[in-house]
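Here is the structure we will look at, set down as C-alpha cells.
2 protein chains.
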Amino acid sequence: MSKKITIYDIAKELNITAATVSRALNNNPKISKVTRQLVADTAAKMNYKQNKLALALKSGKSYNVGVIVPRLDSNFFASVIRGIEEELHPYGYHVIICQTRDDKNLEIENIDALLNAQVDGILMSISNVSTEQNESFERILKKNVPLIFFDRKANIDGVSTVTINDFQGAYEATKHLIAQGCKRIAHLSNNRLIEIFRDRYLGYKQAILDSGLEFDESIVIEAISNVEDGRKITKSLLELDNPPDAIFSSSDFTALGAIQEIKAHGLKIPEDICVAGFANEPFTKFMELAITSVDQSPLEMGKMTAKVFIEQINKKEIVKIEKKVVLNPKLIIRESSLKKQH
Amino acid sequence: MSKKITIYDIAKELNITAATVSRALNNNPKISKVTRQLVADTAAKMNYKQNKLALALKSGKSYNVGVIVPRLDSNFFASVIRGIEEELHPYGYHVIICQTRDDKNLEIENIDALLNAQVDGILMSISNVSTEQNESFERILKKNVPLIFFDRKANIDGVSTVTINDFQGAYEATKHLIAQGCKRIAHLSNNRLIEIFRDRYLGYKQAILDSGLEFDESIVIEAISNVEDGRKITKSLLELDNPPDAIFSSSDFTALGAIQEIKAHGLKIPEDICVAGFANEPFTKFMELAITSVDQSPLEMGKMTAKVFIEQINKKEIVKIEKKVVLNPKLIIRESSLKKQH
DNA sequence: CTGTTAGCGCATTCAT
DNA sequence: ATGAATGCGCTAACAG
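Those protein sequences? They're chains A and V, same order as listed. Under the working numbering, the first sequence has 4 at position 4, and the numbering climbs by one with no breaks. Under the working numbering, the second sequence has 131 at position 131, and the numbering climbs by one with no breaks.
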C-alpha cells in the first residue's frame with residue numbers, strides 16, 4: 001500500500017510550507033510563477049491527490065448530492081438518475097443513491113443518513129405522504145440544504161419541484177381515446193394521495209366532462225402498478241353488464257395487464273377496446289401491439305432537477321427560493337388505441 | 001439556518017470534555033452509566049447529529065463505495081445496483097454511482113474522482129479494454145482499496161469478480177435451439193474483446209461443434225446492442241442464399257430487431273426461424289411473442305458483489321485476496337424458440 | 001472513569 | 001510572495 005501523499009510531503013520536499021503548496025495548487029495569484037510551477041511538477045511527480053474528505057470537512061461542501069427514489073430498477077427512475085448524474089458530473093458533484101421501496105421509515109432513515117454525510121443537496125421523489133416525513137423535510141431545510149422534489153412531490157414552502165404536467169398528460173390521452181370514438185372509458189388509477197396519480201385522475205375526469213360524456217366513478221379503480229393487478233381489475237371490468245370501450249391506465253404495467261386480459265377474453269384491440277398507459281416505458285413501443293402512452297421525458301426531468309439544484313447552490317442569499325418547473329408530457333399514440341378509419 | 005451542534009456544544013452544556021461525550025456516544029464501556037445517559041439525553045435534546053465527514057477524515061473510512069457502470073438506464077445495471085444498495089444499506093454504506101457511457105477516458109476520470117473522494121471500495125463493470133485503464137486499476141489496488149468487477153470483468157491479479165457463466169448460458173441456449181431441430185444457427189455477437197461477449201460466442205460455437213453441426217463463421221456477425229442493428233444484420237442474413245433457421249443473439253435488443261425483421265419478411269417464428277436472446281430484459285416476457293432469453297439474475301449479482309466487498313473489508317490481512325464468483329445463468333424458454341410438437 | 005493532547009488533510013487569517 | 005497558526009469535528013493514545 002503506497003503511503004498517502006499530502007501537501008505536507010510535497011512541502012517538505014521543497015522546503016516550503018504546506019500553506020504555500022495549498023495556495024500554489026489552488027492557483028492563488030499571490031504565488032510566484034516559479035514556485036507554482038515547482039509545486040505543480042513535484043505534485044505530479046510524487047503522484048499527489050487531493051483528499052476531498054479533508055476539503056469537505058474544512059469547507060463544509062462535500063460535493064455529494066443525495067438522490068432518493070422509491071426504487072432503482074424502473075426505467076423511469078433510472079433515466080432520471082442518469083439525467084441527474086450527467087448534468088452534475090461536469091460540476092464535480094457525485095450522486096449518492098438511496099431507495100425507499102415505498103417505506104416511509106426507510107425514507108426518513110435515508111434522509112438522516114444523507115444529512116449526516118453532509119450532502120450538499122437532496123433530490124428526491126417522495127414515496128408516500130405522512131406528517132412524519134414533513135419533520136424530515138423541515139430538518140433538511142433548517143440545515144439550509146437545498147431540497148428538490150422531482151415527479152412525486154409534496155407541497156412545502158421553500159422546496160423547488162420539477163414535475164411533468166400529469167393533469168395535461170392524462171387529459172390529452174383521454175381526449176385522444178374519445179376522439180377514437182370511445183364513450184365509456186375506465187381508469188386504472190393508483191394511490192391518489194400521491195399527487196401525480198391524483199392529477200392523472202383529475203385530467204382524465206376533466207376530459208370526460210369537457211366532452212359531454214357521462215362520468216362514472218364506478219369504473220375508476222385503484223390498482224397497484226403491476227401486470228397482475230392490471231389483469232385482475234380488467235377482468236372485473238369486462239365482466240360488468242356495461243363494460244368499458246376503452247381503458248386509460250395511470251401505469252404502463254397495468255395497461256399491459258389490461259391488454260393481456262382483453263385478449264384472453266377474445267376481444268380485439270383497438271377495435272373493441274382501446275388502451276392507453278402512462279410513462280412510456282420502453283416495452284410499450286417494443287410490443288407487437290405497441291401501447292399508446294404518455295412520455296414523461298425522464299432524462300430531461302433529471303437534467304432539469306440537477307439544473308435547479310445548481311442554481312440554488314449558486315444563490316448567495318439566505319432567502320428561501322423555490323422554483324416550480326413543470327415539463328410538458330408528450331402523448332405517444334400507438335396501435336393499442338389507434339383505430340383505422342373511423 | 002440552525003447552527004451545527006458538535007460534541008463540543010454538548011460537552012460545554014454538561015461541563016465535561018468532548019472526548020467524554022464522544023466516548024459516551026460510542027458506548028465506550030469505560031463511561032459511567034449516568035454520564036452516558038446524561039450525554040445521550042442532552043444530545044437528543046440539542047438535536048445533535050454526528051458529522052460523518054469528520055469521522056471519515058479521522059478514521060480513513062468514508063462508508064461510501066463507488067459503483068461504475070457503462071449506463072444506468074438499462075434494466076440489467078439498474079437491477080445490479082439495486083442489489084448492491086440493498087445489500088450494503090444494513091452495513092451503513094452508501095453507493096456513489098458513476099456512468100462511463102463506454103468512454104474509457106470517463107472511466108479513468110471516474111476512478112480517480114472516487115479515489116479522491118476516499119471511497120472504501122470500487123465495484124465496477126468495465127466498459128472497454130485498454131492498457132490505460134490497467135494503470136487506473138493499479139492505482140486502486142496500490143491504495144489498498146478493494147476493487148471488484150461484476151459482469152464485465154478484466155483479469156487482474158488481486159481483483160475479485162462476480163460474473164455469470166456466459167459460456168454456459170450461450171451453450172444451453174444454442175443447445176436448446178438445436179434440440180428444436182435448428183441446423184443452421186446464426187449468432188449476433190458483440191465486441192468480443194469484452195470477455196462476456198467472447199464467452200457467449202465460444203459457448204455458442206462449442207454447442208454447435210458438440211452437436212456435430214457445421215460451424216460457419218460467416219453467420220457470426222458483430223452487432224451493436226440495439227434494435228436497429230439487429231434488424232439491419234438480420235436483413236442481410238435473410239438475404240443469403242443459405243439463410244439461417246435460427247438466430248442466437250448476445251443481446252435481447254438485437255434479438256428483438258431480428259424478430260421484427262423476420263416478421264417483415266413474412267416468415268414465421270418459431271416455425272421458420274427460432275430466435276433467442278440474452279439478458280432476460282423485462283420486455284422479452286411482455287412481448288406478444290415472448291422471447292427466449294438467458295437470465296443473468298442481476299439482483300443476485302449485485303447482492304453477491306456487495307457481499308464479496310464486505311468480506312474483503314473485514315479481512316485483516318494485507319494479503320491480496322481474490323474471489324471469483326460465477327453465478328449460473330438460467331435459460332428461459334419462451335415462444336420465440338419453442339416449436340410445438342416436432 | 002474522565003481530562004489532556006494530538007492528528008486526520010486541507011485552506012485561510014494574520015503576520016512578515 | 002511566503003510562513004505560522006488555527007480550526008473544520010471527531011476519536012484515540014496517554015495520563016491520571
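Positions of the beta carbon are idealized from the N, C-alpha and C atoms, including for glycine. As the structure is a computational prediction, the values presented were derived from the model and not from experiment.
Span of the beta strand (DSSP E) around residue i
i                      : result
residue 94 of chain A  : 94–99
residue 124 of chain V : 121–124
residue 150 of chain V : 147–150
residue 248 of chain V : 246–249
residue 163 of chain A : 160–164
residue 295 of chain A : 293–295
residue 64 of chain A  : 64–69
residue 276 of chain A : 274–276
residue 189 of chain A : 185–189
residue 338 of chain A : No beta strand (DSSP E) holds residue 338 of chain A; DSSP gives it neither H nor E.
residue 115 of chain V : Looking at the DSSP string, residue 115 of chain V is not in any beta strand (DSSP E); the run it does join, the alpha helix (DSSP H), is 104–116.
residue 332 of chain V : 330–332
residue 327 of chain V : 324–327
residue 222 of chain A : 220–222
Residue i - containing alpha helix (DSSP H), residue span
i                      : result
residue 34 of chain A  : 33–45
residue 266 of chain A : Premise fails: residue 266 of chain A is in no alpha helix (DSSP H) and is neither H nor E.
residue 343 of chain A : No information on residue 343 of chain A is available, as it lies outside the stretch 1 to 342 that chain A covers here.
residue 79 of chain A  : 75–88
residue 129 of chain A : Neither: residue 129 of chain A is in no alpha helix (DSSP H) and is coded neither H nor E.
residue 198 of chain A : 195–210
residue 345 of chain V : No statement about residue 345 of chain V is possible, as the shown extent of chain V runs from 1 to 342 and does not include it.
residue 7 of chain V   : 7–14
Local Cβ density within 10 Å of residue i, reported as buried at 16 or more and exposed below that
i                      : result
residue 90 of chain A  : exposed
residue 343 of chain V : The question about residue 343 of chain V has no answer here: the residues shown for chain V are numbered 1 through 342.
residue 88 of chain V  : buried
residue 217 of chain A : exposed
residue 240 of chain V : exposed
residue 272 of chain A : exposed
residue 195 of chain A : buried
residue 59 of chain V  : exposed
residue 199 of chain A : buried
residue 160 of chain A : buried
residue 280 of chain V : buried
residue 256 of chain V : buried
residue 17 of chain V  : exposed
residue 354 of chain A : This structure leaves residue 354 of chain A out entirely; chain A is present only between 1 and 342.
residue 261 of chain A : buried
residue 210 of chain A : exposed
residue 252 of chain V : buried
residue 223 of chain V : buried
Same chain, Cβ closer than 6 angstroms to residue i, neighbours up to 5 away in sequence not counted
i                      : result
residue 125 of chain A : 69, 150, 151, 152
residue 343 of chain V : Outside the displayed range of chain V (1 to 342) lies residue 343 of chain V, so it cannot be described from this structure.
residue 93 of chain V  : 63, 65
residue 182 of chain A : 245, 246, 274
residue 227 of chain V : 253, 256, 257
Own chain partners of residue i with C-beta closer than 8 angstroms, once the 5 adjacent residues on each side are dropped
i                      : result
residue 176 of chain V : 276, 292, 331, 333, 337
residue 313 of chain A : 120, 121, 146
Own chain partners of residue i with C-beta closer than 7 angstroms, once the 5 adjacent residues on each side are dropped
i                      : result
residue 48 of chain A  : 5, 10
residue 310 of chain A : 91
Specify whether the segment 185–193 of chain V and the segment 296–303 of chain V touch according to this definition: at least 3 beta carbon pairs, one from each stretch, less than 8 angstroms apart. A contact is defined here as three or more CB-CB pairs under 8 angstroms, and the segment 185–193 of chain V fails this definition with respect to the segment 296–303 of chain V.
Closer than 8 angstroms, Cβ to Cβ, to anything on chain A: give me those residues from the segment 139–152 of chain V, in chain order. Result list: 142, 143, 144.
Does the segment 60–79 of chain V touch the segment 24–44 of chain V, meaning 3 or more C-beta pairs lie closer than 8 angstroms? Contact fails: fewer than three Cβ-Cβ distances are below 8 angstroms.
Using 8 angstroms as the Cβ pair cut-off and three pairs as the minimum, do the segment 247–267 of chain V and the segment 130–147 of chain V touch? Remark: fewer than three beta-carbon pairs, one from each stretch, lie closer than 8 angstroms, so the segment 247–267 of chain V and the segment 130–147 of chain V are not flagged as touching.
By the 7 angstroms beta-carbon criterion, what residues does the segment 279–293 of chain A contribute toward chain V? Taken in chain order, the members of the segment 279–293 of chain A whose beta-carbon sits within less than 7 angstroms of a beta-carbon on chain V are 282, 283, 286, 287, 288, 289.
Could you say if the segment 44–64 of chain V and the segment 77–84 of chain A meet the contact criterion of at least three C-beta pairs nearer than 8 angstroms? Contact annotation: the segment 44–64 of chain V does not touch the segment 77–84 of chain A, with fewer than three C-beta pairs closer than 8 angstroms.
Are the segment 32–41 of chain A and the segment 58–68 of chain V touching by the rule of at least three beta carbon pairs closer than 8 angstroms? Contact check between the segment 32–41 of chain A and the segment 58–68 of chain V: fewer than three CB pairs, one atom from each, fall below 8 angstroms, which does not count as touching.
Do the segment 301–317 of chain A and the segment 127–134 of chain A touch if we need at least three Cβ pairs shorter than 8 angstroms? At 8 angstroms Cβ cutoff, the stretches do not touch.
At least three beta-carbon pairs within less than 8 angstroms, the segment 328–336 of chain V to the segment 278–297 of chain V: At 8 angstroms Cβ cutoff, the stretches touch.
Any residues in the segment 21–55 of chain V with a beta carbon nearer than 7 angstroms to a beta carbon of chain A? Which ones, in chain order? The segment 21–55 of chain V vs chain A, Cβ under 7 angstroms: 49, 50, 51, 52, 53, 54.
Can you list, in chain order, the residues of the segment 91–103 of chain V whose Cβ is nearer than 9 angstroms to any Cβ on chain A? Residues 92, 94, 95, 96, 97, 98, 99, 101.
Along the segment 167–190 of chain V, what residues have a CB closer than 7 angstroms to any CB found in chain A? Hits within the stretch: zero.
Using 8 angstroms as the threshold, is the segment 200–210 of chain V in touch with the segment 163–181 of chain V, meaning 3 or more CB pairs across them? Taking one beta carbon from each stretch, the segment 200–210 of chain V and the segment 163–181 of chain V have 3 or more pairs nearer than 8 angstroms; the two touch.
Give the residues from the segment 215–238 of chain A that approach chain V closer than 8 angstroms (Cβ to any Cβ), ordered along the chain. For the segment 215–238 of chain A, residues whose beta-carbon sits nearer than 8 angstroms to a beta-carbon of chain V comprise 227.
Please identify, using Cβ separations under 8 angstroms, the residues of the segment 265–279 of chain A that lie next to chain V, in order along the chain. Shown here is that no member of the segment 265–279 of chain A has a Cβ falling below 8 angstroms from a Cβ of chain V.
Listed from N- to C-terminal order along the chain, which residues in the segment 114–126 of chain A have their beta-carbon within a distance smaller than 9 angstroms of any beta-carbon of chain V? Cβ contacts with chain V: 114, 115, 116, 117, 118.
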